[in-house]
Amino acid sequence: MRVRSIVLIVVSLMLLVFSIGCAKQEPPAPAAPAAPAAPAAPAAAPAADGKSIFETKCGVCHGIDRATIRAETKEKWVSIVKDMQGKKADWISDVEAAKIVEFLVAEHGKK
Numbered sequence: 421m422r423v424r425s426i427v428l429i430v431v432s433l434m435l436l437v438f439s440i441g442c443a444k445q446e447p448p449a450p451a452a453p454a455a456p457a458a459p460a461a462p463a464a465a466p467a468a469d470g471k472s473i474f475e476t477k478c479g480v481c482h483g484i485d486r487a488t489i490r491a492e493t494k495e496k497w498v499s500i501v502k503d504m505q506g507k508k509a510d511w512i513s514d515v516e517a518a519k520i521v522e523f524l525v526a527e528h529g530k531k
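When the letters of the sequence shown are read in order and numbered with the numbering used here, they come out as residues 421 to 531.
The following block contains the structure:
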């Protein structure tokens with residue numbers, strides 16, 4: 421009976437430590453400084469810039485495939501990005517949000 425109690429206590433402590441470890445949120449990795457942009461085709465630059473911002477900002481909280489498997493209208497993408505901006509203050513600026521929306525509409529907009 422004593423061994424059973426000890427095993428139960430050890431298992432309980434392991435579960436407690438595991439749950440505390442899983443609940444700990446790591447701070448987001450700092451964004452890499454923006455490199456000077458090389459001249460490119462006008463239409464490709466915003467989409468490429470938006471994609472890199474999308475991967476840097478949105479990829480911290482969830483997988484990139486979560487957003488890229490859907491096709492939405494521009495209005496819906498604006499709404500979704502605005503909702504994501506509200507989840508963590510000052511993480512996605514309005515300028516970055518506009519570039520992300522441009523990328524999402526260009527690559528994953530409803531056709």
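Cβ coordinates follow ideal geometry from the N, Cα and C atoms, glycine included.
Nearest Cα to A509 within the set R490, T488, F523 and K477: K477. By the C-beta density criterion, G470 is buried, having at least 16 other C-beta atoms within 10 angstroms. With respect to E492, L524 sits close: the two C-beta atoms are nearer than 9 Å. With contacts defined as CB atoms closer than 9 Å, Q505 and A517 qualify as a contacting pair. By DSSP's assignment, E492 forms a beta bridge with G529. Counting other Cβ atoms within 10 Å of its Cβ, K502 stays below 16 and is therefore classed as exposed.
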